[in-house]
Ligand code: UDP
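Numbering (our numbering), first residue to last: 25 to 257.
Shown next as structure tokens:
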């Protein structure tokens with residue numbers, strides 16, 4: 025049976041734990057799950073940079089021009105990529121780190137041929153550097169890379185357990201949505217992903233599942249139950 029190919033989008037916050045800014049606990053746990061799923065699932069990862077810098081938040085606080093702030097954000101994802109690669113390799117998982125921003129001392133430049141080779145060699149691909157362009161997000165990048173690896177699905181691992189009608193942290197009456205179409209997600213402007221990511225996924229009929237990556241056995245649950253998490257399709 026062919027392995028399911030998954031593009032896993034991880035927020036940079038997976039490098040933290042409650043009030044500790046840096047902890048490898050979550051990542052090491054995820055690496056263990058990825059190893060256990062290896063016979064049935066091939067996962068590639070798009071890593072965010074939110075633990076270090078988000079263009080829209082820290083950039084704004086510093087009064088930076090958006091284009092500069094986003095460049096800092098993209099470089100933050102490369103630092104996370106290096107840390108991910110180190111931890112994966114340390115735990116016996118062979119990886120290929122790609123960066124959309126040319127940075128040959130630390131990562132391979134993104135190239136379709138090299139992506140195909142890494143997939144054929146059953147390496148865990150780590151995509152850093154975002155799309156390489158400001159004004160995009162790592163969510164849009166996740167859709168883009170999912171198409172480049174011909175993924176069956178995108179799994180967006182975040183800190184909440186799915187899609188809500190409103191931000192559940194600010195609105196106690198927010199309702200959890202189990203399944204929604206891309207068109208509805210766009211119409212309702214559901215903030216869990218940006219509109220570019222939704223519309224790109226819609227155009228290419230790419231199924232997305234959103235779940236809490238910090239919950240125990242999150243990847244196992246996603247692998248075993250095709251309806252685990254909130255679904256956009
Ligand atoms: N970013 C960008 N272009 C991209 C991807 C990311 O400019 O294609 C910047 C953007 O400023 C973003 C930051 O990189 O805030 C870090 O990514 P993100 O906020 O998505 O990280 P996450 O929340 O997933 O940790």
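We put the CB at the ideal spot given by N, CA and C, even for glycine.
message = Let me confirm a value: residue 98 is counted as buried when at least 16 other C-beta atoms fall within 10 Å, else exposed. Which label applies?
response = buried
Buried versus exposed, by CB contacts within 10 Å (16 or more), residue 33 = buried
inquiry  = Counting C-beta neighbours from all protein chains within 10 Å, is the total for residue 180 16 or more, i.e. buried, or is it exposed?
reply    = By the 10 Å Cβ count, residue 180 comes out buried.
key: Enclosing beta strand (DSSP E) for residue 66 [first to last residue]   = 65-71
inquiry  = Going residue by residue through the segment 160-192, where are the continuous beta strand (DSSP E) segments of at least 3 residues, counting only ones entirely within it?
reply    = 177-182
ask   = Does the beta-carbon distance from residue 187 to residue 210 come in below 8 angstroms?
value = no
request  = With a threshold of 16 other CB atoms inside 10 Å of the CB of residue 131, please say whether the residue is buried or exposed.
outcome  = buried
inquiry  = Can you give me the C-alpha to C-alpha distance between residue 184 and residue 202, rounded to a whole angstrom?
reply    = 13 angstroms
message = Just to confirm my understanding: we take residue 243, look at its own chain, exclude 5 residues before and 5 after, and list those with CB closer than 6 angstroms. What are they?
response = 57
inquiry  = Under 7 angstroms: does the beta carbon of residue 195 sit that close to some heavy atom of the ligand UDP?
reply    = no
request  = Tell me where the beta strand (DSSP E) around residue 274 begins and ends.
outcome  = Since the first residue shown for the chain is 25 and the last is 257, residue 274 is missing from the structure and cannot be characterised.
request  = Rank 229, 177, 125 by C-alpha distance to the C-alpha of residue 157 and give the top, closest one.
outcome  = 125
inquiry  = By alpha-carbon positions, which one of 49, 68, 230, 55 ends up nearest to residue 140?
reply    = Among 49, 68, 230, 55, the Cα nearest to that of residue 140 belongs to 68.
task = Reducing DSSP to helix, strand and coil, say where residue 75 ends up.
result = Three-state result, residue 75: coil.
inquiry  = Can you list, in chain order, the residues of its chain with a C-beta nearer than 7 angstroms to that of residue 192? Leave out the 5 residues immediately preceding and following it.
reply    = The residues are 184, 198.
request  = Leaving out five residues on either side along the sequence, give the residues of the same chain with a beta carbon under 6 angstroms from the beta carbon of residue 83.
outcome  = 93
query = Would the beta-carbon of residue 252 be found less than 7 angstroms away from any heavy atom of the ligand UDP?
reply = no
message = Does residue 118 come out as helix, strand or coil in the three-state DSSP assignment?
response = coil
ask   = According to the neighbour-count rule (16 or more other Cβ atoms, all chains shown, within 10 Å of its Cβ), is residue 154 buried or exposed?
value = buried
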